[in-house]
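**Q** My structure is below; once you've seen it, I'll send some questions.
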């Protein structure tokens, strides 16, 4: 069976990230400061990578941009999920065609799904 490439999503198996901290590839997405990390390195390691990315890439004091913030304030904001990465669909008004990739959240076991740890600031 062949797939119509004009309607099939353009899957990305190795999404580009902005940096790698402590062996964890991290990106900064959206206006709210959300960050995905490739893989499931564990909450503590992901937190360390996110915090370093906030300092190095975003030029903040830390994730909260508050020197009095504690790590415990962020534990509930980090979740392990699964995603399929693909190029943005130019016909979708909600996807920025200038982005390198978009993530579609899927269930574990979905063919092509990759583990992702997500910092959701909202």
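Numbering (this note's numbering), first residue to last: 81 to 202.
Ideal Cβ placement from N, Cα and C applies to all residues, glycine included.
Here the structure is a predicted model, which is why all the values come from computation and not from measurement.
Taking the DSSP output, what are the residues bridged to residue 106?
**A** 99 and 117, per the DSSP bridge assignment.
**Q** Nearest-angstrom Cα distance between residue 163 and residue 95?
**A** Near 11 Å, if we compare the C-alpha coordinates of residue 95 and residue 163.
**Q** Please list the terminal residues of the continuous beta strand (DSSP E) segment that includes residue 163.
**A** Where residue 163 is concerned, the enclosing beta strand (DSSP E) stretches over 158-166.
**Q** Tell me the DSSP secondary structure of residue 184 in three-state form.
**A** In this structure, residue 184 counts as strand in the three-state DSSP scheme.
**Q** Let's see if you can read the secondary structure: which residues bound the alpha helix (DSSP H) around residue 136?
**A** First-last of the alpha helix (DSSP H) with residue 136: 123-136.
**Q** I need the straight-line Cα distance from residue 87 to residue 166, nearest angstrom please.
**A** Note on residue 87: pLDDT 40, under 50, position unreliable in the model; the coordinate value appears next. Approximately 13 Å, taken between the alpha carbons.
**Q** Please report the residue range of the beta strand (DSSP E) in which residue 195 lies.
**A** 194-199 is the span of the beta strand (DSSP E), which, as asked, contains residue 195.
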